[in-house]
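In my numbering, the protein residues as written are 143 to 882. Note that beta-carbon positions come from the ideal geometry of N, C-alpha and C, so glycine has one too. Keep in mind the model is a prediction, meaning the values are calculated, not measured. Note sheet for the following structure.
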Amino acid sequence: MIKLFKIMMTGLVLTSPVVIAQNRPIYLDDSKPIEQRVEDALSRMTLKEKVAMVHAQSKFSSAGVPRLGIPDNWMSDGPHGIRNEVLWDEWYGAGWTNDSCTAFPALTCLSATWNPQMSFLYGKSIGEEARFRNKNVLLGPGVNICRTPLNGRNFEYFGEDPYLTSEMVVPYIKGVQENGVAACVKHYALNNQEKYRGEINVNVDDRTLHEIYLPAFKAAVEQGHAWALMGSYNQYKNQHCCHNEYLLNNILKGDWKFDGVVISDWGGTHETKQAALNGLDMEFGTWTNGLNWSASNAYDNYYLAAPYLNMIQKGELSEKELDDKVRRILRLEFRTNMNRNRPFGSFGSDEHIEAGRKIIQEGAVLLKNDKNVLPLNTHSIKHLLIVGENATKKLTIGGGSSSLKVRHEISPLEGILTRAAQEKITVSYTKGYESPAVAEQDLKGAQRPEEKVINSDSLLQTAIDEARKADAVIFIGGLNKNEKQDCEGDDRLTLSLPYGQDKLIAGLAEVNPRLSVVLLTGSCVTMPWLQKVPAVLEAWYGGSAAGNGIADILFGDVNPSGKLPFTFYANLNQCSANKLGDYPGDGKNETYKEGLFVGYRYIDQKKLKPLFPFGFGLSYTTFKYGKLTADKKNLQIGDSITFHINITNTGKCAGAEVIQLYIGENKPLLVRPQKELKGFTKVYLQPGETKEASITIGKDALSYYDDQKQTWMVDSGSFQAFAGASSQDIRSNYHFEVSK
Ligand code: GLC
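Shown next as structure tokens:
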């Protein structure tokens, strides 16, 4: 017996983890610091293995080091959900049956919540889905500033203000990355339109670059600690942003000390030497010379593939830059694929659907509600008519790379039908208007939807006839993901609603005073019928839970608390980019002539009256603001200052209000916007309840970028703080002095 015991013990001794750990290479030992693992792995790699790592091997993957047990890196779109599996070499779907995901609301909806906790919930949920699908890089979120409402991709971003975008993107990144998945913040930088995106060289002054277009990326890196970032298609200072010495080497990796990977946008790489020297780490989606767009083995022709290897072997380029790229990619590996403690994720779960529903509940923006038409009076309404194609149209497909194959998409009609049944309200539906089918192809060889003749007059007349008979009407329209709507690759041509919706809405208002208009859009639209319509709700693109979230608001189960993340202009002349800014440019250059005066900054400067201002949003209850006070009247540069204000719910139902804090300098040395958002807090109140809200700001909130000194400065002098319910609804001011 003893002998057997000895043999067993010997066996154990030989295979015990302690012994294996002593022999395990450092790079495989996750008890060792990541930097040690990086250096150890790098030292074991051959030149060819290093070069293989810095460019794609398929449409969405790049090589690891099979010999060393270092896994491939797998990227996935997009900011609103995990794209279905595509073929190795092509954009077409692979036809898997287990990759239908949860579609989360568009990022404009998330931004409209003005609630960073919603951002964390969003990032955690989408990160779980990426993790479960074994993608270690999520190609999102997008943080480009809404400079013009015509930009086809505004729906993928957080709006017109750099502070709001910064505050909302950081928790999203943290939520994603706690799953051991890298957030890849995009598109760095100055990708503020789709038209001519591939080539235009953006001319912008340094102050505007640093104060408007870079802050969200800076926050993503310095506060969010993003592990990846995507270069944009356009050029800056005549260098493509995917390999740009100013943006990537000097600012991102120099000033901000970014230690993650820079990934090109798909097809954003144009030249080997620039790609090697100007900060690009991973080349994806290049349409290689000499071979057609997606021929297999085209990857050997990538700029950072054979051409790069050859230049190094000939001594025309050093291995130093390659080693830096590989260090960053190895760091990505150890933070994601080779982090054995990361969770396993989850996919298409009820929790994720509910997370999306919560975000819609907090992000929907009540724009108008005369005579309390909303929430629907379920006692007096017996028959409800729903009108509009967006009540039924799938809005999770189309729109470009953010298109999704979803497990569920609860349409607004479905959500309303379910909820109305609980009130014994009968519901009928008529389309009212129709758009061309989305030319979204999933599977290779799939037939394009046939173009059919649309009889708009008949659709319109039927809807108006039906509306006469209903107790109340809900119109559900807006934009969609068709080309030249909310869609990547091009921009909208007007601010107007398409497909004859304006005429239809006006007709409905004529025959039924209890009309509510629900808009599903990713950008602002004009509303010529607004005076005739008592209630308007902006409900964005809600994703899988859209219908339930919208019904929650319409039936009053949830009190809307969203605030606009961008201005709803009355016309394009109110938008500085369109009025002054040389948008869309000549296809070669575009100059941001409006400078700092983007969005409400321009509205304030010109004292304009938009349709609905930045930060606007109503509630089913009302709020009273107290007087804005602060813990000091005079502060030294570098001090913080804490503002206080009471807020009371003076209505009959619980609700939440976003108190916005804007700061303006009275006599600035350099021109500055009249006021800029520098703080906000969302306060939840029961009827009659009062709370004291506090917002603390520091030196950053007072500073501006001095382009002569090339650094951030704070003037001594007098400043104003403005507390308000929107950028044009200031309830209380506070004057304070800053001295050196
Ligand atoms: C697209 C988009 C980018 C996306 C990438 C991969 O062109 O610009 O946002 O992540 O290609 O689909």
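Taking all protein chains in view, the Cβ of K705 is crowded by 16 or more other Cβ atoms within 10 Å, so the residue is classified as buried. Nearest in C-alpha terms to V193, of all of S686, A205 and K735, is A205. Cβ contact annotation for H550 (same chain, cutoff 7 Å, sequence separation greater than five): I495 and S686, in chain order. The shortest CA-to-CA distance from E177 to any of Y444, E831 and G402 is the one to G402.
About 32 Å separates the beta carbon of Y338 from that of G265, a gap too long to meet the 8 Å contact definition. Checking the 6 Å criterion, the Cβ of W429 is out of range of every heavy atom belonging to ligand 1.
Per DSSP, reduced to three states, the secondary structure at N293 is coil, with no helix or strand assignment.
Residue environment analysis places Q259 among the exposed positions, since fewer than 16 neighbouring C-beta atoms fall within 10 angstroms of its C-beta. Scanning L844, E834 and Q802 for the CA closest to the CA of P810 turns up L844. Counting the other CB atoms within 10 Å of its CB gives N240 a total below 16, which places it among the exposed residues. Bounds of the beta strand (DSSP E) holding C326 are A324 to Y330. Judged by DSSP in its simplified three-state form, E879 adopts strand. Shortest gap from the CB of S406 to any heavy atom of ligand 1: 6 Å or more. As a beta-bridge residue in DSSP terms, H786 pairs with T771 and S836.
DSSP, read as helix, strand or coil, puts V196 in coil. About 6 Å separates the CB atoms of V468 and M195; that is less than 8 Å, so the two are in contact. Using a C-beta cut-off of 8 Å, the segment 751–764 makes contact with the segment 791–809, since at least three inter-stretch Cβ pairs fall below that distance. Looking at the DSSP output, V344 sits in a beta bridge with Y378 and E732. Linking E807 to L750 through their CA atoms gives a straight-line distance of about 20 Å. Taking a 10 Å sphere around the C-beta of D512, we find fewer than 16 other C-beta atoms and assign the residue as exposed.
For N720, the enclosing alpha helix (DSSP H) begins and ends at S718 to K721. S545 has its Cβ no nearer than 6 Å to any heavy atom of ligand 1. Taking 7 Å as the cut-off, the Cβ atoms of Y450 and T414 count as close. Taking every protein chain shown into account, the CB of K316 has 16 or more other CB atoms within 10 angstroms, so this residue is buried. About 5 Å separates the beta carbons of G220 and G282, which is inside the 8 Å limit, making them a contact pair.
Secondary structure within the segment 499–566: the alpha helix (DSSP H) runs of 4 or more consecutive residues, fully enclosed, are 554–563 (chain order). Boundaries of the beta strand (DSSP E) around G806: G797 to E807. Inter-residue distance for K623 and S267 is about 24 Å (C-alpha atoms, whole angstroms). S218 is bridged by DSSP to L280. Beta-bridge partners assigned by DSSP to F710: F754.
Cβ neighbours of Y876 within its own chain (closer than 6 Å, five residues either side excluded): L770, A772 and A863.
For T428, same chain residues with a beta-carbon under 7 Å away, outside a window of 5 residues either side, are G409, T411, Y444 and Y445 in chain order.
A distance criterion of 6 Å places the beta-carbon of D633 beyond contact range of ligand 1, judged by its closest non-hydrogen atom. Residue pairing for Y571: DSSP places it in a beta bridge opposite I528.
In the DSSP assignment, E177 falls within the unbroken alpha helix (DSSP H) covering I176 to R186.
Beta-bridge partners of N776 (DSSP): E879.
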